[in-house]
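> Residue numbers (our numbering): 355 to 549.
Beta carbons are placed, not taken as given, at the ideal position from N, Cα and C, and that holds for glycine.
1) Give a yes or no on contact between the region 458-477 and the region 433-446, applying the rule of three or more CB pairs nearer than 8 Å.
2) Measuring straight from C-alpha to C-alpha, what distance separates residue 394 and residue 431?
3) Helix, strand or coil, according to DSSP, for residue 358 in the structure here?
4) Can you name the start and end residues of the beta strand (DSSP E) that residue 405 belongs to?
5) Which of the three DSSP states is assigned to residue 491 in this structure?
6) Using a 10 Å radius around the Cβ and a threshold of 16 neighbouring Cβ atoms, would you call residue 501 buried or exposed?
7) What separation, rounded to the nearest whole angstrom, lies between the Cα atoms of residue 368 and residue 543?
8) Note the first and the last residue of the continuous alpha helix (DSSP H) segment covering residue 503.
9) Would you mind reading off the limits of the beta strand (DSSP E) that contains residue 363?
10) To the nearest angstrom, report how far apart residue 358 and residue 371 are at their CA atoms.
11) In whole angstroms, what separates the C-alpha of residue 505 from that of residue 429?
12) Out of 461, 391, 433, 356, which one is the CA nearest neighbour of residue 419?
13) On the three-pair Cβ rule with 8 Å, is the region 396-414 touching the region 517-530?
14) Measuring CB atoms only, is the region 373-384 touching the region 476-494, in the sense that at least three cross pairs come out at less than 8 Å?
15) Starting from the Cα of residue 462, find the closest Cα among 448, 473, 478 and give me that residue.
16) Keeping to the same chain, check which residues put their C-beta closer than 7 Å to that of residue 534; ignore five residues upstream and five downstream.
17) Between which residues of its own chain and residue 487 is the CB-CB distance below 6 Å, once the five residues before and five after are set aside?
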């Protein structure tokens, strides 16, 4: 992926200008600079449960080829109710043998979600690990966007008062359905595809 422009950095004033009537707010930054710790703190101070996509921790705000590193502001973590990390993002912030210790670094976040593409996710709630697996695992398909679909479905479940494991199961199944549709379209004969 190539970064052609760096977008607007959300400020505390931007947050103050918003009228948000939901408990949960999901932040899915394209780059680390999109939301500062102070901006995330402002959302949390307004009483929102802030969910954060881990790509915002590792994507460096620099033009050109997308660069990843683990030099995020750790102060941001203290304001999160939920953090979603893909396997790649978790690997970026830890080595394989340090994975458990690294995930422990996020132990102050009430809900930590580690997604495994089409294979489901691990959800840690207050230190307890819950593994969620979709009813149907879809293999051999491009998983781009599956984490976004997973997180939106997870937060819908949480907003509807589902417990984290139940919301995770819902999310895993919704993401798997999307991947199944993608695979069906990709493998359908050209004559049956719609434009």
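Let's see:
1) Taking a contact to require three or more Cβ pairs closer than 8 Å, the region 458-477 and the region 433-446 qualify as touching.
2) Between the C-alpha atoms of residue 394 and residue 431 there is a straight-line separation of about 9 Å.
3) Three-state result, residue 358: coil.
4) Segment 403-407, the beta strand (DSSP E) holding residue 405.
5) In the three-state scheme derived from DSSP, where H, G and I count as helix and E and B as strand, residue 491 is classed as coil.
6) It counts as buried.
7) Straight-line measurement puts the Cα of residue 543 at about 48 Å from the Cα of residue 368.
8) The continuous alpha helix (DSSP H) containing residue 503 extends over residues 500-513.
9) No beta strand (DSSP E) contains residue 363, which DSSP labels as neither H nor E.
10) The straight-line gap from Cα to Cα measures roughly 28 Å.
11) C-alpha of residue 505 to C-alpha of residue 429: approximately 22 Å in a straight line.
12) Nearest of 461, 391, 433, 356 to residue 419, Cα basis: 356.
13) Contact annotation: the region 396-414 does not touch the region 517-530, with fewer than three C-beta pairs closer than 8 Å.
14) Here the region 373-384 makes no contact with the region 476-494; the two share fewer than three CB pairs at distances below 8 Å.
15) Ranking 448, 473, 478 by Cα distance to residue 462 puts 478 first.
16) Residues 490, 492 of the same chain have their beta carbon placed closer than 7 Å to that of residue 534, with the five preceding and five following residues left out of the count.
17) The residues 474, in chain order, have a CB closer than 6 Å to that of residue 487 in the same chain once the five nearest residues on each side in sequence are set aside.
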